[in-house]
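Novice: Below is one structure. I have some questions about it.
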Amino acid sequence: MIRYPAIIGVILATATLIEPLPESRVQAARPKEGLAIVVNRDNPIENLSIAELRTIFLGERSHWPNGRRITLVMMEPGQPERNAVLQDVCRLSESDLRRRYLQGLLTGEVLVSPKTLASPVGVRKFVFNVPGAIGYLRPEDVDDSVKVVRIDGHLPADLEYPLKIEERSER
Amino acid sequence: MSERPQLTTHEGVATFAPRVGRSAAFFTRYSSAIFLVLLIGLEAGVVRFVIRDVRSANNEVQRMYASSVLGLHRIGSLQYDAQETRRSTLYALTTNDSNLQVIYADQSREADARVTAGIAEYLQQAQLPQEIELAHRLEQDWKAYLAARNEVLGTILEGSVKEAVAYDLAQGVPLFDRVRSDLEETERLYDEQASQRLANVAALANKTVTRLLTVLVVTVLVAGVFVWVLQKDKMASTMQMAKMQMDFAASVSHELRTPLAVLCSAVDNIADGVVSGKEQLAKYGAVIRHQSRQINGLVNQVILFVSTQDGKGRYLLEPLAVSQIVEAAAMGTAELIRKAGFTLEQNINPGLPRILGDLTALSQCLQNLITNALKYGDQGRWIGIRASEEGPKDHREIRISVQDRGKGIDRSELHHIFEPFYRAKAAVSGQIHGTGLGLTIAKSLAEAMGGRISVTSEPGVGSTFTLHLPVTEELGQSKDTVGRIVAQL
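Residue numbers (the numbering used here), protein chains in the order written: chain A, 1 to 171; chain B, 1 to 489.
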């Protein structure tokens, strides 16, 4: 049974297909750094594979091994960190991701709807407050209030770390 | 010259007596000032007590005020921040915006940090067992509530509002009620402590008043006792002086009456023609001359006493040889000694230094001592005068002693013999004529010359009065120079 809000969501998701490329994509390439995946400090998880990370960010996994519900937190569309996750983890464009979430919510394949926050500080505080939260932050935005998870056994500072992002431009 | 037996020594008695007399006179003269100083001292003590207590009370009030303000502020802050912690958590329920929810969560955590710090401070400053127990309970209840609050916040941020509300109602509300109850109990305990402090201040104020009254009563009592003692001493002194004056008047009257009666009788007999013949007339003339001289001598003694006591006597100080002084005194009393049948023996060491003094005064002083020996030394009928230089190098003095072999002076009377008008009991009972001024005048004259008189005596053996005169080293000056020194002593 199709509901009206779902139809509106599909229309909106389709509209994003004609959005121009983000400005960051047309800028000259800058040195890259690892994008940290952070969870609440009470979360016992220490390491995730890139595949597990993909299922989490695509909303296909709803709970942590300790039974806590997974709460996915992302930054607003257009942010470089979000783009890096879309590219390296989800391997989807923004529009594909939106479409997938909308369709997944309708079909029940997507179990977790991501929370969207405007700033890295907001992401960090959200992860700090929510025991089952998972998000991403540049290394310089990480502090002791959250825990950095290894990806495929690597930390963001490692060369083999799979999740990279261009360094933040100096202003 | 024969040596006298060793006498019981009362050396210094006469010098002690003047010092005591001077102290008493000083005390009598400045008694009011002394009393005033003492009273001021007492009042200063009272003021010191009062100031100390007032300061203490003031400090206690300040402590209480500061404690009250601080305590009220602390309790008020705790209550406000606890409410703020919960309020911010509940605000997060009112929005679906995750950004706003994070802000509310932040505010809640900031408030809870202040509460936690406030409780820690309260725990640190708690002293009474009741306070410590309450602080620990508050700390535990607050931690329990924060755990529930964290769960509620997490659930809200996850987007599960219904679950968050249900959890808050089930866990958060009762736990927060316990915290609120703890804070109310803290406030009540604080009120009790403030009341206790207030009672302490009131007790301190009462203590101050009591102490002030006590000290004032003590001050008044001391002042009263002091005045009573002063009045008593003055009264006794006045009565003693009055008695002495009465005795003096009686003595002088008695001394005057006898020669005057003889004079009147002689003159009446001459006037009535009872006396006839040249030989009888000459006999009456001799009687009249003797009695007149006796009256004249008595009047001179009184005048001399008055002049030495008022401190207005004028003396011509000049270098004097000791032999010169002794000789003058011996000449002045030669007739009396002869008539009394006494032997005067002089023993003046050769080479004695000269002294600075008034010849008339010193001669009179020695004459009074010799006359005294004549009156009371009738048993031995011997008077010895000895002069020598004694004392340490830096305090050399000439000592001229007048010794008799009379009845001596009782030990209990030695303290009084230099007092004006004092007559020894033996003198009164023995009907020895006198005014009680001779030794007083001698002492005053000695002191006017910078010296003093000491006495040693043994009842039944005799007495020795010694005139001590300081030796002045610079007496190589000519007589004319020193002779101009006129002292008003």
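Glycine included, every Cβ here is placed at the ideal spot set by N, Cα and C.
No experiment lies behind these values; they were computed from the predicted model shown.
Considering Cα atoms alone, identify which of A:Glu94, A:Ile70, A:Thr71, A:Glu60 is closest to glutamate 81 (chain A).
Specialist: Along the first sequence, one-based indexing puts residue 81 (chain A) at 81. The option with the nearest alpha carbon to glutamate 81 (chain A) is A:Glu94.
Novice: If we define contact as Cβ-Cβ less than 8 Å, is asparagine 99 (chain B) a contact residue for chain A?
Specialist: In the second sequence, counting from the first residue as 1, residue 99 (chain B) sits at position 99. Yes, asparagine 99 (chain B) lies at the interface with chain A (some Cβ there is under 8 Å from its Cβ).
Novice: Would you call the region 165 to 172 of chain B and the region 124 to 142 of chain B in contact, with 3 or more CB pairs under 8 Å?
Specialist: The region 165 to 172 of chain B, when compared against the region 124 to 142 of chain B, does not touch it at the 8 Å Cβ threshold.
Novice: Excluding the 5 residues preceding and the 5 following glycine 406 (chain B) in the sequence, name in chain order all residues of the same chain whose CB lies nearer than 8 Å to its CB.
Specialist: Translated into the one-based positions of the second sequence, residue 406 (chain B) becomes position 406. Excluding residues within five positions, the ones whose Cβ falls inside 8 Å are Ala373, Tyr376, Gly377, Asp378, Gln379, Gly380, Gly462, Ser463.
Novice: Out of curiosity, what's the CA-to-CA distance linking serine 88 (chain B) and glutamate 158 (chain B)?
Specialist: The residue given as residue 88 (chain B) occupies position 88 in the second sequence. The residue given as residue 158 (chain B) occupies position 158 in the second sequence. Cα-Cα distance, rounded: 17 Å.
Novice: Apply the 10 Å Cβ neighbour rule to glycine 172 (chain B) and answer buried if 16 or more other Cβ atoms are within range, or exposed otherwise.
Specialist: Reading the second sequence from its first residue, position 172 is the one you call residue 172 (chain B). Buried, since its Cβ has 16 or more Cβ neighbours within 10 Å.
Novice: What is the C-beta distance between isoleucine 37 (chain A) and isoleucine 151 (chain A), in whole angstroms, given that I count them as a contact (C-beta under 8 Å)?
Specialist: Here residue 37 (chain A) corresponds to residue number 37 of the first sequence, with the count starting at 1. Here residue 151 (chain A) corresponds to residue number 151 of the first sequence, with the count starting at 1. Correct: roughly 6 Å between the Cβ atoms.
Novice: Who are histidine 154 (chain A)'s beta bridge partners in DSSP?
Specialist: Start at 1 with the first residue of the first sequence, and residue 154 (chain A) comes out as number 154. In the DSSP output, where bridge partners are listed per residue, histidine 154 (chain A) has A:Ile151.
Novice: Alpha carbon to alpha carbon, what distance is there between glutamine 107 (chain B) and glutamine 196 (chain B)?
Specialist: Residue 196 (chain B) sits at position 196 when you count from the first residue of the second sequence. Residue 107 (chain B) sits at position 107 when you count from the first residue of the second sequence. Glutamine 196 (chain B) and glutamine 107 (chain B): Cα-Cα distance of roughly 38 Å.
Novice: Rounded to whole angstroms, what is the Cα-Cα separation between arginine 423 (chain B) and asparagine 296 (chain B)?
Specialist: As a first step, residue 423 (chain B) is located in the second sequence; it is residue number 423 there, counting from the start. As a first step, residue 296 (chain B) is located in the second sequence; it is residue number 296 there, counting from the start. Their Cα atoms are separated by approximately 21 Å.
Novice: Is asparagine 150 (chain B) helix, strand or coil by DSSP?
Specialist: In the second sequence, residue 150 (chain B) corresponds to position 150, counting from 1. Helix at asparagine 150 (chain B).
Novice: Could you tell me which of B:Thr258, B:Thr466, B:Ile417, B:Gly277 sits nearest to serine 454 (chain B), measuring between CA atoms?
Specialist: The residue you call residue 454 (chain B) lines up with position 454 of the second sequence. Taking only the C-alpha atoms, the option nearest serine 454 (chain B) is B:Thr466.
Novice: What is the DSSP secondary structure of serine 24 (chain A), counted as helix, strand or coil?
Specialist: Position 24 of the first sequence holds residue 24 (chain A). For serine 24 (chain A), the pLDDT reaches just 47, beneath the cut-off of 50, and the residue's location in the model is therefore unreliable, leaving the point undetermined.
Novice: Would you kindly check if the distance between the Cβ of valine 146 (chain A) and the Cβ of valine 127 (chain A) is under 8 Å?
Specialist: In the first sequence, residue 127 (chain A) corresponds to position 127, counting from 1. In the first sequence, residue 146 (chain A) corresponds to position 146, counting from 1. It is a contact, given that the beta carbons lie within the stated cut-off.
Novice: Name the chain B residues that come within less than 8 Å of leucine 117 (chain A), Cβ to Cβ?
Specialist: As a working note, residue 117 (chain A) is residue 117 in the first sequence. Per Cβ cutoff of 8 Å: Ser98, Asn99, Val102.
Novice: On the DSSP letters alone, give me the boundaries of the beta strand (DSSP E) that glycine 357 (chain B) sits inside.
Specialist: Here residue 357 (chain B) is taken as the residue at index 357 of the second sequence, counted from 1. Counting along the chain, the beta strand (DSSP E) containing glycine 357 (chain B) begins and ends at 355 to 357.
Novice: Tell me which residues of the region 128 to 140 of chain A have at least one Cβ-Cβ distance to chain B shorter than 8 Å, keeping chain order.
Specialist: Correct list: Asn129, Val130, Pro131, Gly132, Ala133.
Novice: Taking C-beta pairs closer than 8 Å, name the residues in chain A that glycine 118 (chain B) reaches, listed in chain order.
Specialist: Position 118 of the second sequence, counted from the first residue, corresponds to residue 118 (chain B). Per Cβ cutoff of 8 Å: no residues; glycine 118 (chain B) is ~22 Å from chain A at best.
Novice: Taking only beta-carbon atoms, is leucine 153 (chain B) less than 8 Å away from chain A?
Specialist: Counted from its first residue, the second sequence places residue 153 (chain B) at position 153. Yes - at least one Cβ of chain A is within 8 Å of the one on leucine 153 (chain B).
Novice: Would you list, in chain order, the members of the region 156 to 179 of chain B that have their beta-carbon closer than 9 Å to a beta-carbon of chain A?
Specialist: Correct list: Ile156, Leu157, Glu158, Gly159, Ser160.
Novice: Mapping DSSP to helix, strand and coil, what is glutamine 324 (chain B)?
Specialist: Here the question's residue 324 (chain B) lines up with position 324 in the second sequence. Reduced to three states, the DSSP call for glutamine 324 (chain B) is helix.
Novice: Compile a chain-ordered list of the residues in the region 36 to 61 of chain A whose CB is closer than 9 Å to at least one CB of chain B.
Specialist: Under the 9 Å Cβ criterion, the region 36 to 61 of chain A contributes Asn40.
Novice: What residue range is occupied by the uninterrupted beta strand (DSSP E) comprising leucine 439 (chain B)?
Specialist: If you number the second sequence from 1, residue 439 (chain B) lands on position 439. Premise fails: leucine 439 (chain B) lies in the alpha helix (DSSP H), 438 to 448, not in any beta strand (DSSP E).
Novice: What do you get for threonine 214 (chain B), buried or exposed, if any count of 16 or more other CB atoms within 10 angstroms of its CB means buried?
Specialist: Counting from one through the second sequence, the residue named residue 214 (chain B) turns up at place 214. So threonine 214 (chain B) ends up on the exposed side.
Novice: So is arginine 98 (chain A) in contact with chain B if we call contact Cβ pairs under 8 Å?
Specialist: As a position in the first sequence, residue 98 (chain A) is number 98, starting the count at 1. It does not: the Cβ of arginine 98 (chain A) has no partner Cβ on chain B nearer than 8 Å.
Novice: With a threshold of 8 Å between beta-carbons, can aspartate 53 (chain B) be considered close to chain A, or not?
Specialist: Locating residue 53 (chain B) in the second sequence gives position 53, counting from the first residue. Aspartate 53 (chain B) does not count as touching chain A.
Novice: With a Cβ-Cβ cutoff of 8 Å, do alanine 57 (chain B) and alanine 205 (chain B) count as a contact?
Specialist: In the second sequence, counting from the first residue as 1, residue 57 (chain B) sits at position 57. In the second sequence, counting from the first residue as 1, residue 205 (chain B) sits at position 205. Result yes, Cβ atoms of alanine 57 (chain B) and alanine 205 (chain B) sit closer than 8 Å.
Novice: So lysine 125 (chain A) contacts chain B; which residues on that side make the cut at Cβ distance below 8 Å?
Specialist: Start at 1 with the first residue of the first sequence, and residue 125 (chain A) comes out as number 125. Here the neighbours are Val102, Ala105, Asp106.
Novice: Cβ of threonine 107 (chain A) less than 8 Å from any chain B Cβ?
Specialist: In the first sequence, residue 107 (chain A) corresponds to position 107, counting from 1. No, because no Cβ of chain B sits closer than 8 Å to the Cβ of threonine 107 (chain A).
Novice: By the 10 Å Cβ neighbour count, where 16 or more other Cβ atoms means buried, how is lysine 125 (chain A) classified, buried or exposed?
Specialist: One-based indexing of the first sequence puts residue 125 (chain A) at position 125. Label assigned to lysine 125 (chain A): buried.
Novice: Quick check: the Cα distance between lysine 232 (chain B) and isoleucine 398 (chain B), rounded to an integer number of angstroms?
Specialist: For the purposes of this step, residue 232 (chain B) is taken as residue 232 along the second sequence, with counting starting at 1. For the purposes of this step, residue 398 (chain B) is taken as residue 398 along the second sequence, with counting starting at 1. So the two alpha carbons sit approximately 42 Å from each other.
Novice: Give the C-beta separation of proline 353 (chain B) and glutamate 327 (chain B) to the nearest angstrom, bearing in mind that I take them to be a contact with Cβ-Cβ under 8 Å.
Specialist: Counted from its first residue, the second sequence places residue 353 (chain B) at position 353. Counted from its first residue, the second sequence places residue 327 (chain B) at position 327. Contact doesn't hold; Cβ gap of about 17 Å is too wide.
Novice: Considering just the uninterrupted stretch of the alpha helix (DSSP H) at proline 80 (chain A), what are its terminal residues?
Specialist: In the first sequence, counting from the first residue as 1, residue 80 (chain A) sits at position 80. Start and end: 80 to 85.
Novice: Residues in its own chain within less than 6 Å of glutamate 166 (chain A) by CB, not counting five upstream and five downstream?
Specialist: One-based indexing of the first sequence puts residue 166 (chain A) at position 166. Once the five neighbours on either side are set aside, the close Cβ partners of glutamate 166 (chain A) are Arg30, Lys32.
Novice: Would you say glycine 67 (chain A) lies against chain B (beta-carbon separation less than 8 Å)?
Specialist: Here residue 67 (chain A) refers to the residue found at position 67 when the first sequence is read from its first residue. Chain B, which has no Cβ nearer than 8 Å to the Cβ of glycine 67 (chain A), makes this no.
Novice: Buried or exposed: which applies to histidine 73 (chain B), given that a residue is buried once 16 or more other Cβ atoms fall within 10 Å of its Cβ?
Specialist: Here the question's residue 73 (chain B) lines up with position 73 in the second sequence. Its Cβ having fewer than 16 others within 10 Å, histidine 73 (chain B) is exposed.
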